[in-house]
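One structure below.
Residue numbers (our numbering): 456 to 688.
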(Lines of atoms letter the chains of each structure in order from A and count residues from 1; the text may use other names and numbers.)
(Lines give C-alpha, C1' and ligand atoms only; values in the text may rest on other atoms or scores of the structure.)
Protein backbone atom coordinates (compact mmCIF):
# COMPACT_ATOMS: atom_id res chain seq x y z
CA UNK A 1 0.00 0.00 0.00
CA UNK A 2 1.50 3.31 -1.14
CA UNK A 3 1.21 6.26 1.24
CA UNK A 4 0.36 9.79 0.14
CA UNK A 5 -0.03 13.12 1.95
CA UNK A 6 -2.93 15.40 1.02
CA UNK A 7 -3.07 18.93 2.40
CA UNK A 8 -6.26 20.92 1.83
CA UNK A 9 -5.91 24.69 2.23
CA UNK A 10 -8.23 27.68 2.09
CA UNK A 11 -8.31 28.05 -1.70
CA UNK A 12 -11.54 27.32 -3.52
CA UNK A 13 -11.90 24.02 -5.37
CA UNK A 14 -12.35 21.37 -2.68
CA UNK A 15 -14.16 19.15 -5.19
CA UNK A 16 -10.71 18.44 -6.65
CA UNK A 17 -9.42 17.26 -3.28
CA UNK A 18 -12.46 15.03 -2.77
CA UNK A 19 -12.10 13.32 -6.14
CA UNK A 20 -8.34 12.95 -5.74
CA UNK A 21 -8.73 11.44 -2.28
CA UNK A 22 -11.43 8.98 -3.34
CA UNK A 23 -9.51 7.90 -6.43
CA UNK A 24 -6.34 7.17 -4.44
CA UNK A 25 -8.30 5.18 -1.86
CA UNK A 26 -10.17 3.20 -4.52
CA UNK A 27 -6.80 2.26 -6.03
CA UNK A 28 -5.71 0.80 -2.69
CA UNK A 29 -3.47 3.59 -1.44
CA UNK A 30 -3.46 5.22 2.02
CA UNK A 31 -3.59 8.95 2.64
CA UNK A 32 -2.48 11.21 5.48
CA UNK A 33 -5.01 14.07 5.40
CA UNK A 34 -4.62 17.55 6.88
CA UNK A 35 -6.78 20.65 6.54
CA UNK A 36 -5.54 24.10 7.43
CA UNK A 37 -7.83 26.33 9.51
CA UNK A 38 -8.87 28.22 6.38
CA UNK A 39 -9.25 24.92 4.55
CA UNK A 40 -11.75 23.76 7.16
CA UNK A 41 -13.85 26.89 6.60
CA UNK A 42 -13.91 26.44 2.83
CA UNK A 43 -14.69 22.72 3.18
CA UNK A 44 -17.76 23.64 5.21
CA UNK A 45 -18.81 26.31 2.70
CA UNK A 46 -18.26 24.34 -0.50
CA UNK A 47 -19.03 20.75 0.52
CA UNK A 48 -21.00 21.16 3.74
CA UNK A 49 -18.54 19.03 5.73
CA UNK A 50 -17.66 20.21 9.22
CA UNK A 51 -14.29 19.78 10.95
CA UNK A 52 -13.86 19.09 14.67
CA UNK A 53 -12.60 21.79 17.02
CA UNK A 54 -9.12 20.21 17.02
CA UNK A 55 -8.90 20.53 13.23
CA UNK A 56 -9.47 16.87 12.38
CA UNK A 57 -12.38 15.18 10.66
CA UNK A 58 -14.70 13.06 12.80
CA UNK A 59 -15.35 9.53 11.43
CA UNK A 60 -18.71 10.48 9.92
CA UNK A 61 -17.38 13.61 8.24
CA UNK A 62 -14.33 11.71 7.01
CA UNK A 63 -16.52 9.07 5.39
CA UNK A 64 -18.59 11.78 3.72
CA UNK A 65 -15.43 13.25 2.20
CA UNK A 66 -13.48 10.09 1.46
CA UNK A 67 -16.23 7.61 0.66
CA UNK A 68 -16.06 3.86 1.35
CA UNK A 69 -12.26 3.86 1.61
CA UNK A 70 -12.18 6.21 4.60
CA UNK A 71 -10.56 3.54 6.81
CA UNK A 72 -7.29 4.05 4.89
CA UNK A 73 -7.17 7.76 5.79
CA UNK A 74 -5.21 9.15 8.73
CA UNK A 75 -6.71 12.53 9.67
CA UNK A 76 -4.28 14.89 11.41
CA UNK A 77 -4.73 18.31 12.98
CA UNK A 78 -2.81 21.14 11.30
CA UNK A 79 -0.86 21.86 14.49
CA UNK A 80 0.33 18.26 14.92
CA UNK A 81 3.86 19.05 13.80
CA UNK A 82 5.04 15.80 15.39
CA UNK A 83 2.99 13.74 12.93
CA UNK A 84 4.86 11.27 10.69
CA UNK A 85 4.66 13.53 7.62
CA UNK A 86 6.77 16.14 9.43
CA UNK A 87 9.79 13.83 9.32
CA UNK A 88 11.91 12.96 6.32
CA UNK A 89 12.18 9.40 7.60
CA UNK A 90 8.51 8.80 6.73
CA UNK A 91 8.31 7.33 3.24
CA UNK A 92 5.61 9.19 1.34
CA UNK A 93 5.04 8.63 -2.36
CA UNK A 94 4.09 12.28 -2.81
CA UNK A 95 2.91 15.39 -0.99
CA UNK A 96 -0.09 17.07 -2.62
CA UNK A 97 -1.57 20.45 -1.70
CA UNK A 98 -4.98 20.48 -3.36
CA UNK A 99 -6.19 23.15 -3.64
CA UNK A 100 -3.24 25.32 -2.64
CA UNK A 101 -3.83 28.89 -1.48
CA UNK A 102 -1.38 31.60 -2.45
CA UNK A 103 -0.53 32.17 1.20
CA UNK A 104 0.44 28.53 1.65
CA UNK A 105 2.34 28.53 -1.63
CA UNK A 106 4.29 31.64 -0.60
CA UNK A 107 5.28 30.14 2.74
CA UNK A 108 6.39 26.89 1.11
CA UNK A 109 8.45 28.88 -1.41
CA UNK A 110 10.10 30.76 1.46
CA UNK A 111 10.77 27.61 3.51
CA UNK A 112 8.51 28.86 6.29
CA UNK A 113 6.45 26.14 7.98
CA UNK A 114 3.62 27.34 10.23
CA UNK A 115 1.60 24.11 10.20
CA UNK A 116 1.77 20.44 9.24
CA UNK A 117 0.72 21.08 5.63
CA UNK A 118 3.60 23.49 5.03
CA UNK A 119 6.05 21.29 6.93
CA UNK A 120 5.14 18.24 4.82
CA UNK A 121 5.76 20.28 1.67
CA UNK A 122 9.08 21.52 3.07
CA UNK A 123 10.12 17.93 3.81
CA UNK A 124 9.21 16.83 0.29
CA UNK A 125 11.46 19.53 -1.16
CA UNK A 126 14.43 18.72 1.07
CA UNK A 127 14.08 14.97 0.53
CA UNK A 128 13.64 15.32 -3.23
CA UNK A 129 10.20 13.70 -3.24
CA UNK A 130 7.28 14.60 -5.51
CA UNK A 131 5.50 17.78 -4.44
CA UNK A 132 2.31 18.75 -6.27
CA UNK A 133 0.67 22.13 -5.75
CA UNK A 134 -2.68 23.00 -7.34
CA UNK A 135 -3.38 26.75 -7.05
CA UNK A 136 -6.74 28.11 -8.16
CA UNK A 137 -6.21 31.86 -7.71
CA UNK A 138 -6.95 34.14 -10.67
CA UNK A 139 -5.76 36.57 -11.86
CA UNK A 140 -2.18 36.06 -10.71
CA UNK A 141 0.06 38.83 -9.40
CA UNK A 142 3.77 39.09 -10.13
CA UNK A 143 4.42 37.84 -6.59
CA UNK A 144 2.27 34.75 -7.21
CA UNK A 145 4.12 34.00 -10.44
CA UNK A 146 7.54 34.49 -8.87
CA UNK A 147 6.67 32.14 -6.01
CA UNK A 148 5.44 29.48 -8.41
CA UNK A 149 8.54 29.84 -10.57
CA UNK A 150 10.77 29.45 -7.54
CA UNK A 151 8.99 26.27 -6.47
CA UNK A 152 9.13 24.87 -10.00
CA UNK A 153 12.88 25.44 -10.07
CA UNK A 154 13.12 23.62 -6.73
CA UNK A 155 11.46 20.57 -8.24
CA UNK A 156 7.78 20.99 -7.39
CA UNK A 157 5.00 20.42 -9.91
CA UNK A 158 2.70 23.43 -10.27
CA UNK A 159 -0.66 22.51 -11.77
CA UNK A 160 -3.19 25.37 -11.74
CA UNK A 161 -6.82 24.29 -11.61
CA UNK A 162 -7.45 24.84 -15.33
CA UNK A 163 -9.63 22.01 -16.66
CA UNK A 164 -9.57 21.26 -20.37
CA UNK A 165 -12.58 21.14 -22.66
CA UNK A 166 -11.27 18.93 -25.47
CA UNK A 167 -12.72 15.85 -23.77
CA UNK A 168 -16.23 17.24 -24.35
CA UNK A 169 -17.33 17.15 -20.70
CA UNK A 170 -21.01 16.53 -20.14
CA UNK A 171 -20.97 17.99 -16.64
CA UNK A 172 -18.89 19.58 -13.89
CA UNK A 173 -17.69 16.27 -12.45
CA UNK A 174 -16.11 15.34 -15.77
CA UNK A 175 -14.18 18.62 -15.69
CA UNK A 176 -13.02 17.78 -12.18
CA UNK A 177 -12.05 14.27 -13.29
CA UNK A 178 -9.97 15.57 -16.19
CA UNK A 179 -7.86 17.76 -13.92
CA UNK A 180 -7.50 15.16 -11.18
CA UNK A 181 -6.48 12.71 -13.89
CA UNK A 182 -3.65 15.07 -14.85
CA UNK A 183 -2.59 15.27 -11.20
CA UNK A 184 -2.38 11.49 -11.00
CA UNK A 185 -0.57 11.29 -14.34
CA UNK A 186 2.08 13.67 -13.03
CA UNK A 187 2.60 11.36 -10.03
CA UNK A 188 2.67 8.18 -12.10
CA UNK A 189 -0.53 6.83 -10.54
CA UNK A 190 -2.77 4.76 -12.81
CA UNK A 191 -6.42 5.78 -13.02
CA UNK A 192 -9.51 5.58 -15.20
CA UNK A 193 -10.93 9.03 -14.53
CA UNK A 194 -10.78 10.34 -18.07
CA UNK A 195 -9.96 9.30 -21.60
CA UNK A 196 -6.59 9.91 -23.19
CA UNK A 197 -6.16 11.89 -26.40
CA UNK A 198 -6.34 8.81 -28.63
CA UNK A 199 -9.57 7.69 -26.96
CA UNK A 200 -11.47 10.93 -27.42
CA UNK A 201 -14.86 10.86 -29.10
CA UNK A 202 -16.24 13.19 -31.74
CA UNK A 203 -17.41 16.64 -30.60
CA UNK A 204 -20.99 16.69 -29.33
CA UNK A 205 -23.75 18.22 -31.41
CA UNK A 206 -24.12 21.97 -30.99
CA UNK A 207 -27.88 21.58 -30.74
CA UNK A 208 -29.00 22.72 -27.33
CA UNK A 209 -25.50 23.85 -26.35
CA UNK A 210 -25.87 27.53 -27.12
CA UNK A 211 -26.60 29.84 -24.17
CA UNK A 212 -30.09 31.26 -24.21
CA UNK A 213 -31.03 34.89 -23.59
CA UNK A 214 -32.74 35.94 -21.48
CA UNK A 215 -31.63 33.20 -19.07
CA UNK A 216 -34.20 31.13 -17.24
CA UNK A 217 -35.43 32.76 -14.04
CA UNK A 218 -34.21 31.32 -10.76
CA UNK A 219 -37.07 30.10 -8.61
CA UNK A 220 -37.89 32.63 -5.93
CA UNK A 221 -35.56 35.26 -7.40
CA UNK A 222 -37.37 37.48 -9.93
CA UNK A 223 -35.29 39.58 -12.28
CA UNK A 224 -34.44 43.02 -10.84
CA UNK A 225 -36.40 45.98 -12.15
CA UNK A 226 -35.52 49.61 -12.71
CA UNK A 227 -37.66 52.34 -11.24
CA UNK A 228 -40.89 52.62 -13.19
CA UNK A 229 -40.96 48.88 -13.83
CA UNK A 230 -38.53 48.89 -16.79
CA UNK A 231 -36.53 45.65 -16.81
CA UNK A 232 -32.76 45.78 -17.12
CA UNK A 233 -31.33 44.83 -20.46
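C-beta: ideal position from N, C-alpha, C; glycine also.
Item, Value
"Report the option in 621, 467, 610 whose CA atom is closest to the CA atom of residue 549.", "610"
"Measuring alpha carbon to alpha carbon, tell me which of 522, 515, 510 ends up nearest residue 533.", "510"
"Nearest to residue 576 by CA position, among 638, 547, 622, is which residue?", "547"
"So residue 554 packs on residue 469, CB below 8 Å; how close in whole Å?", "7 Å"
"State the DSSP-derived secondary structure class of residue 618, mapped to helix, strand or coil.", "coil"
"Buried or exposed: which applies to residue 590, given that a residue is buried once 16 or more other Cβ atoms fall within 10 Å of its Cβ?", "buried"
"Quick one: what's got a C-beta closer than 6 Å to residue 527's C-beta in the same chain, skipping five residues either side?", "480, 485"
"What residue does the alpha helix (DSSP H) around residue 697 start on, and which one ends it?", "This structure leaves residue 697 out entirely; the chain is present only between 456 and 688."
"Going straight from the alpha carbon of residue 592 to that of residue 618, what length do you get?", "14 Å"
"Below 8 Å, is the gap between the Cβ of residue 489 and the nearest heavy atom of the ligand ATP?", "Absence of the ligand ATP is noted for the structure shown, with no ligands found whatsoever."
"For residue 525 versus residue 487, is the C-beta spacing smaller than 9 Å?", "no"
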